[in-house]
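Remarks on the structure that follows.
Number of protein chains: 2
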Amino acid sequence: MAVPFILIVALIAGGISIAMALYFRYLVLKEDPGNEKMIEVAGYIEEGAKTYIKVQYKVLGLFVTALFLIILFLLPSVINPGTLNWEQAVAYLIGALGSMLAGWLGMYVGVKANTRAAQGCTVNTKKGFDIAFFGGSVMGLAVVGVALIGVSVIYGIFQTPLVVLGFSFGASSIALFMKCGGGIYTKTADVGADLVGKAEYDLPEDDPRNPATIADNVGDNVGDIAGMGSDLFDSYVASIVAAMMLAASFGIAGIIESPIGDVTLTAGGTAILVITPIILCGVGLISSLIGIYFIKLKGSEEPGKALNTGTYFATLIYFGLSALFTFFLSISDPTVTQAEIGLLWRIWGTSAIGLIAGIILGFTSDYFTRDDKKPTRNIANAAKEGHAVVILSGFSYGLISVVPPALGIVIAMAIAFWLGGFFGVAMAAVGMLAIVGTIVSNDAYGPIVDNARAIAEQGALGDEVIRTADRLDSAGNTAKAITKGFAIGAANLTVLALLFSFVEEARTKGASIASVDLLNVNVLIGAFIGVVVPALFSALLILAVQRNAAKMVDEIRRQFEENPKILTGEEAADFSRTIDIATKGSLRELILPSLISILIPIAIGVLFGVAALAAFLGGAILSGFVFAVFMSNSGGAWDNAKKWIEDGNLGGKGTDIHKASITGDTVGDPFKDTAGPSINTLLVVMSLTASIFIGFLLLFGGGAGLLILGIP
Amino acid sequence: MAVPFILIVALIAGGISIAMALYFRYLVLKEDPGNEKMIEVAGYIEEGAKTYIKVQYKVLGLFVTALFLIILFLLPSVINPGTLNWEQAVAYLIGALGSMLAGWLGMYVGVKANTRAAQGCTVNTKKGFDIAFFGGSVMGLAVVGVALIGVSVIYGIFQTPLVVLGFSFGASSIALFMKCGGGIYTKTADVGADLVGKAEYDLPEDDPRNPATIADNVGDNVGDIAGMGSDLFDSYVASIVAAMMLAASFGIAGIIESPIGDVTLTAGGTAILVITPIILCGVGLISSLIGIYFIKLKGSEEPGKALNTGTYFATLIYFGLSALFTFFLSISDPTVTQAEIGLLWRIWGTSAIGLIAGIILGFTSDYFTRDDKKPTRNIANAAKEGHAVVILSGFSYGLISVVPPALGIVIAMAIAFWLGGFFGVAMAAVGMLAIVGTIVSNDAYGPIVDNARAIAEQGALGDEVIRTADRLDSAGNTAKAITKGFAIGAANLTVLALLFSFVEEARTKGASIASVDLLNVNVLIGAFIGVVVPALFSALLILAVQRNAAKMVDEIRRQFEENPKILTGEEAADFSRTIDIATKGSLRELILPSLISILIPIAIGVLFGVAALAAFLGGAILSGFVFAVFMSNSGGAWDNAKKWIEDGNLGGKGTDIHKASITGDTVGDPFKDTAGPSINTLLVVMSLTASIFIGFLLLFGGGAGLLILGIP
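Here the protein sequences come in this chain order: R and P.
Going by the numbering used here, the residue at position 192 of the first sequence is 192; the numbering climbs one at a time, nothing skipped.
In the numbering used here, each number is its position in the second sequence, counted from 1, plus 712.
Here's what the structure looks like:
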């Protein structure tokens, strides 16, 4: 399979993206960082974030090295000696380093942009918005640029998706640490700060006397910028790899089956299909860049509307540009048959459907978390009946909110499958993630304005500026809700595609998986354990936050008790201690969840076989979807219900109703920012682990496992 | 297939059971009902319970008639005209009436036993215990007796499990209403009473001034006695039917496959295998009767220990007796082959494993909810950090508590399958439920002593007596925790068996289900929707409780405001209004959940085909297990954490820690008593609906469904 020249498009798009990221970085850095106090606070935040990243990357170094050696010496060549070992191991390393680089770059600019955005708010809303948005875009563009260059260069050199799989696994193992670790960090600080500061000492949000306030702001950066960035990096690369691997497998089989009609594949057609995901992602990136250009705040426009406008533009441009490039692909090789050209257009359709589905998913999660819609209003009203009822209400609406996106995914999957078989489903995931550059940019905007608001408070910029920052912050929260719905949907389709590609891959390597039949007891056991794992994983993360937050609470109380001058504002609180607790705790607490995500799939494969492992992944994907959506939306709705009450509704701040709504928000914090979004990464890591370890698993009963119960 | 004479054993056991139930009823009724005030309160409770049952049974009458007519005119003969229509319809009717009868009998004695048990406590602990336990046993024995007589008579007359399936469906449709309706009723009253009475007016539990206190006590009877009884009736019959249908299907195929070795079936052997579930249940019932005989409180023994002793005895006796009857079965027909005799012994083994697994499951849920074990202690300690943290902690431990029973089920299923294939799994469910007579008796004891405590309070029997009643009540709570774990495990294995029998049944009727393959997109869609349904169902029930409790709260406040003499105790509260709200609300609110459980499986079968429906059931079973265990155990642990604090730990009553623990308890109430346990019934109803409607579903694409996406 020769690699077509058109791949250069993706490389160019990636290059432009990195260049624009650096340009935006320049735009942000040249802005005024504000007064001395603001610079001091921003300095603390930057220091804290860097400390976390340093400690985190040190641990990651060990972990990555270990997996690098395992791949180099054991996988995938256990059964096919000499095949792809060093290539996959090196790709793994590049993927890990790429993800670390993108995360670092995004966060580095994020912690610089916050104080500048706060200062920008003293000029006008537009200035503040632009700085925050440019800051966020650095993350979005860096993520996509690094990913796309990595994928296209590695595929260009090694010409097999199996090496790109190593790259993807590298990105995912970083994402697991960054997402879970960041999630634990941010909520340790947030919950700790709220429990003592707000509840016991009645300090306002972001009060500089609160020793955990800096850790809280650092948390926004490490959890919501670096964490979310690495999560989407991970899904983005995984969706491309899953589609490439499926195309290659079907190319070997010589046929792509789909209900609308099977297509016989030629060598030329296969080569084009394999790079189609990369090309369409390149097109998506160009669309994102244009979309980002369109995100401009005009006059009195709502900041949230500006962000959405960018997303719509990127989507529309994607439809047109991707059609154009589908046409280029279809004429790029004269040996491609008419049937294959028809298939290419169907694939274009699946990518468009995926993207539409992604946007719809984003907006359903927006619906379930907006304070002007029924669910959040009902949750807020439930606070009138006390703490327990607000919890019950938010819990229930969160569960109900699973239904619309589940139907959305099912319908998108059905149409995509109808058009292009399993490859079509994989390409729907690629389509959904095509404009991820815009999505990540919008998302990373959120924590920057959140931090900007805190710095404006601490830098004593006055009520007017804080109100401006609040307005920007509220748009950030909406963007975050949409991004989360989007990210969960995209990850879900991606892991389904990975599941299909895992099975095709196992078949190609000689495992006899005729089916993943729930009537086979081995398979049923796999599915059973799979359904339980996301629940266990969520619980472990939440308990981790709780344990760590308890330490934080003790430390805050200790500081207030030992030095009463902190509360009077005469002396500064000791921020380094709280940052230290959040940093060390988050790393210690993510060991068990990480091990689960790698060891359980391997154990299932060894004991119950490859088909059971596929069912395990299937079960985990479906139940993971339920838990991820439920937790994210419950959490978001509780948060917004509380904010709506704080805006003066139902009696406003300080009432018992408000207190009950704070309970909802505090429960929702680890739901929406730790456990919920980490499930995506869990699923991707488990799926990739399965694919990477296939060769190893085939050693046990030829992939049937050691405990063969099912009657074949 | 001639019906062997040995079936008479089950009939005799059923008869003895009913006779003993009536005898226990006599024993209870002849006891002293206590002072005038107690008789008055008990009268209110009885009145309320009867009103509920009357209204409930009226609605049920319509529902049952409609389904009776559907079965009579449409099913199962749509494709095989003239087959079994009236037989299945009549069996359906008998099943429904039987379940209603058992529920009515149990509740009737329950509401008589409460005041007598309270009065018994004035004599000594043993007297109170005996009355409550005899009262509870009426329910246990009536449930099992009616079920066993129904199953054996219907099978004896019609000689095909398909007619017994009608009986089972009848029992299940009643169970759905009784369990969901009772669950909503009991928590409407409980949450309503707590939110206003305890939280706003600082009234103690069961204070007669609280207008919802009678409704609360009625709720214990309709939810925890009638509801739990019909739930276990439902699982019990369903497990027998699933095993019978599998045996009959394998009989037609002429072989039972299992990893340990396939067995060719003769006509005689099949006839024996088909009745084995009934015989072993008869044996289990005899064991239960002996076990109940052993439940005697000696001197200063803990009441909880006495209940457990009965369970252990019943289990041991079952092992011996069932071996004896397996021997009788093996010699009852000289045409039975050696291989079939070997299979019978393996099947005996699976039933024993099922029973052991059930007991282990019961004790794991006990572990996760006992106040002297780590999870509940940690949850109680989390209350120190406030409302939100106690919720997060209980939520997490609830999710973690899913892991041990999931492993228990998986291991039991694996061993049972190894020994006897799918039939072995079904027989493990039968074994697990064999001693259900003891289990239901222990469980129904709980609400009786709970009511007795309330009546002792309201009848002013003094602190000493209330302490005695409290001791009995605490044993009841432990029994309830164990029963719930047991019930969920049993229902889970039962619905798995129903899933297998559904597929075998569909195959027998001509559907081409080669597999339930997750790689088939239709099947994957089915599984996806299946996983979501228990989440949706739980949320709807919880919201129903919340809505209804809000009405209850308004009514209680209204009464206190309009008539201040209620609070001073000068005038009685208007109990009929609160009972009316709970009754009507619970019926209105269960319409949507009931429709879901019948219409969604049919819709999946029509649209996506029978294999997708099987996957739907599989997905629902697995995710339903997670939600059922999590909700039951979270709720139980919160409840006990609160009680532990109320016992004087962490500062005891009235502190902020106590208030936080009450929030946990209130959230846990609908978790553990409404949503969690209703999921069992949901799963059984959905599985039976699938089986009953097979003929109808085969009309659509021959069982492939209208929307065929999967590539076969």
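Note that the Cβ used here is the ideal one computed from N, Cα and C, for glycine as well.
All of these numbers come straight from a predicted model, not from anything done at the bench.
Same chain, Cβ closer than 7 Å to K1354(P), five either side skipped, listed in chain order: As a working mapping, residue 1354(P) is identified with position 642 in the second sequence. Same-chain partners within the cutoff: S1373, I1374, G1376, D1377.
Thinking just about the alpha-carbon of each residue, which of A1168(P), G941(P), V1207(P) is nearest to the one in D918(P)? Sequence index remark: in the second sequence, residue 918(P) carries index 206 (1-based). Here the closest residue by C-alpha is A1168(P).
Would you tell me roughly how many angstroms separate the C-alpha atoms of V1235(P) and S1227(P), rounded to the nearest one? The residue labelled residue 1235(P) in the question sits at position 523 within the second sequence. The residue labelled residue 1227(P) in the question sits at position 515 within the second sequence. Rounded to the nearest angstrom, the gap between the Cα atoms of V1235(P) and S1227(P) is 10 Å.
Return the first residue and the last residue of the alpha helix (DSSP H) that V946(P) is part of. Start at 1 with the first residue of the second sequence, and residue 946(P) comes out as number 234. Looking at the sequence itself, residue 946(P) is Asp, so the reference to Val does not match. 940-965 is the span of the alpha helix (DSSP H), which, as asked, contains D946(P).
Among L1419(P), G1413(P), I1404(P), which one has its Cα closest to the Cα of F785(P)? Here residue 785(P) refers to the residue found at position 73 of the second sequence. When each option's Cα is compared against that of F785(P), the closest is I1404(P).
With three or more beta-carbon pairs closer than 8 Å as the criterion, would you say the region 678-691 of chain R touches the region 187-204 of chain R? Counting Cβ pairs under 8 Å, fewer than three are found: no touch.
I need the DSSP call for T872(P), collapsed to helix, strand or coil. Locating residue 872(P) in the second sequence gives position 160, counting from the first residue. The answer is coil: DSSP assigns T872(P) none of H, G, I, E or B.
Interface residues of chain P facing P670(R) [CB-CB closer than 8 Å]: Taking the first sequence and counting its residues from 1, the one referred to as residue 670(R) is at position 670. Ordered by position in chain P, the residues that pass the 8 Å Cβ test against P670(R) are L1104.
Should W1060(P) be labelled buried (16 or more other beta-carbon atoms within 10 Å of its own) or exposed? The residue labelled residue 1060(P) in the question sits at position 348 within the second sequence. For W1060(P), the number of other beta carbons within 10 angstroms of its own is at least 16, and it is reported as buried.
Helix, strand or coil for V59(R)? Go by DSSP, reduced to three states. If you number the first sequence from 1, residue 59(R) lands on position 59. The answer is helix: DSSP assigns V59(R) an H, G or I state.
What's the C-alpha gap between V390(R) and N381(R)? Working through the first sequence from its first residue, we reach residue 390(R) at position 390. Working through the first sequence from its first residue, we reach residue 381(R) at position 381. V390(R) and N381(R) have their C-alpha atoms some 8 Å from each other.
What span of residues does the alpha helix (DSSP H) with G994(P) cover, start to end? Residue numbering aside, residue 994(P) sits at position 282 when the second sequence is read from its first letter. Going by DSSP, G994(P) is part of the alpha helix (DSSP H) stretching over 979-1006.
For the pair the region 924-937 of chain P and the region 798-809 of chain P, tell me if three or more CB-CB distances fall below 8 Å. no
Between G485(R), I679(R), G651(R), V410(R), which has its C-alpha nearest A1324(P)'s C-alpha? Residue 1324(P) sits at position 612 when you count from the first residue of the second sequence. A1324(P) has its Cα closest to that of V410(R), out of G485(R), I679(R), G651(R), V410(R).
Assuming Q800(P) and I783(P) form a contact by the criterion Cβ under 8 Å, report the distance between their Cβ atoms to the nearest whole angstrom. As a first step, residue 800(P) must be located in the second sequence, where it is residue number 88. As a first step, residue 783(P) must be located in the second sequence, where it is residue number 71. Yes, Q800(P) and I783(P) are in contact; Cβ-Cβ is about 6 Å, under 8 Å.
Of the residues Y769(P), D1351(P), D1385(P), which one's Cα is nearest the Cα of H1370(P)? Residue 1370(P) sits at position 658 when you count from the first residue of the second sequence. Here the closest residue by C-alpha is D1351(P).
Report the residue from P564(R), A615(R), G446(R), I542(R) whose alpha carbon sits nearest the alpha carbon of D1229(P). Numbered from 1 along the second sequence, position 517 holds the residue referred to as residue 1229(P). Measuring C-alpha to C-alpha distances from D1229(P) to each of P564(R), A615(R), G446(R), I542(R) identifies A615(R) as the nearest.
Does P716(P) have its Cβ less than 8 Å from a Cβ in chain R? The count along the second sequence starts at 1 and reaches residue 716(P) at position 4. Not closer than 8 Å to any Cβ of chain R, the Cβ of P716(P) fails to qualify, so no.
Mind checking which residues open and close the alpha helix (DSSP H) that includes I1200(P)? Counting from 1 along the second sequence, the entry for residue 1200(P) is found at position 488. Segment 1175-1220, the alpha helix (DSSP H) holding I1200(P).
DSSP three-state label for D919(P), please. Counted from its first residue, the second sequence places residue 919(P) at position 207. If DSSP states are grouped into helix, strand and coil, D919(P) belongs with coil.
Looking at C-alpha atoms only, which residue of A637(R), I379(R), Y57(R) is the closest neighbour of K672(R)? Along the first sequence, read from residue 1 onward, the residue named residue 672(R) stands at position 672. Checking every option, the nearest Cα to that of K672(R) belongs to A637(R).
Report the residue from T326(R), G394(R), G424(R), A535(R) whose alpha carbon sits nearest the alpha carbon of I1112(P). What you label residue 1112(P) is simply residue 400 of the second sequence in a count that begins at 1. It is A535(R) whose Cα lies nearest to the Cα of I1112(P).
What do you reckon, are the CB atoms on Y948(P) and V1148(P) nearer than 8 Å? By 1-based counting over the second sequence, the position of residue 948(P) is 236. By 1-based counting over the second sequence, the position of residue 1148(P) is 436. Yes.
Among G893(P), G1136(P), E1267(P), A1128(P), nearest to A1387(P) - alpha-carbon criterion: By one-based count along the second sequence, residue 1387(P) stands at place 675. If we check each option's Cα against that of A1387(P), G893(P) comes out closest.
Run down chain R in chain order and give the residues with a C-beta less than 8 Å from the C-beta of G1330(P). The sequence position of residue 1330(P) within the second sequence is 618, counting from 1. Chain R residues near G1330(P): L518, L524, A527.
Measure the alpha-carbon distance for A306(R) versus T478(R) and round it to whole angstroms. Here residue 306(R) refers to the residue found at position 306 of the first sequence. Here residue 478(R) refers to the residue found at position 478 of the first sequence. Each residue's alpha carbon lies about 12 Å from the other.
Outcome for P1117(P) when other beta-carbon atoms lying within 10 angstroms are tallied against a minimum of 16: Taking the first residue of the second sequence as 1, we reach residue 1117(P) at position 405. Flag for P1117(P) reads buried.
Here's a check: name, in chain order, each residue in its chain whose Cβ is nearer than 6 Å to the Cβ of I791(P), leaving out the five neighbours to either side. Residue numbering aside, residue 791(P) sits at position 79 when the second sequence is read from its first letter. Reliability of the predicted coordinates at I791(P) is poor, the pLDDT of 47 falling under 50, and no value is obtained from them.
To which residues of the same chain is S880(P) closer than 7 Å at the C-beta, ignoring the five residues directly before and after it? As a working note, residue 880(P) is residue 168 in the second sequence. The residues are G807, V949, A950, V953, L1400.
For A248(R) and M686(R), I'd like the C-alpha separation in whole angstroms. The residue you call residue 248(R) lines up with position 248 of the first sequence. The residue you call residue 686(R) lines up with position 686 of the first sequence. Going from the Cα of A248(R) to the Cα of M686(R) covers about 22 Å.
Would you mind giving the Cβ-Cβ distance between T1361(P) and N826(P), rounded to the nearest angstrom? I have them listed as a contact below 8 Å. Sequence index remark: in the second sequence, residue 1361(P) carries index 649 (1-based). Sequence index remark: in the second sequence, residue 826(P) carries index 114 (1-based). At residue 1361(P) the sequence reads Asn, which differs from the Thr that was named. Not quite, the Cβ-Cβ distance comes to about 29 Å (not below 8 Å), so this is no contact.
If we ignore side chains and look at the alpha-carbon of each, how far apart do T315(R) and L355(R) end up? Within the first sequence, the letter at position 315 stands for residue 315(R). Within the first sequence, the letter at position 355 stands for residue 355(R). Computed Cα separation, rounded: 7 Å.
Check distances from the C-beta atoms of the region 639-671 of chain R to those of chain P and list, in chain order, the residues that come in under 7 Å. T663, T666, V667, P670
If we ignore side chains and look at the alpha-carbon of each, how far apart do G857(P) and C993(P) end up? Indexing the second sequence from 1 puts residue 857(P) at position 145. Indexing the second sequence from 1 puts residue 993(P) at position 281. Computed Cα separation, rounded: 10 Å.
How would you list, in chain order, the residues of chain P whose beta-carbon sits under 7 Å from the beta-carbon of I386(R)? Numbered from 1 along the first sequence, position 386 holds the residue referred to as residue 386(R). The identity of residue 386(R) in the sequence shown is Gly, whereas the question assumes Ile. Correct list: L907, A911.
Which residue from S1250(P), I1391(P), T1220(P), P1305(P) puts its Cα closest to that of A965(P)? Taking the second sequence and counting its residues from 1, the one referred to as residue 965(P) is at position 253. Of S1250(P), I1391(P), T1220(P), P1305(P), the residue nearest in Cα terms is T1220(P).
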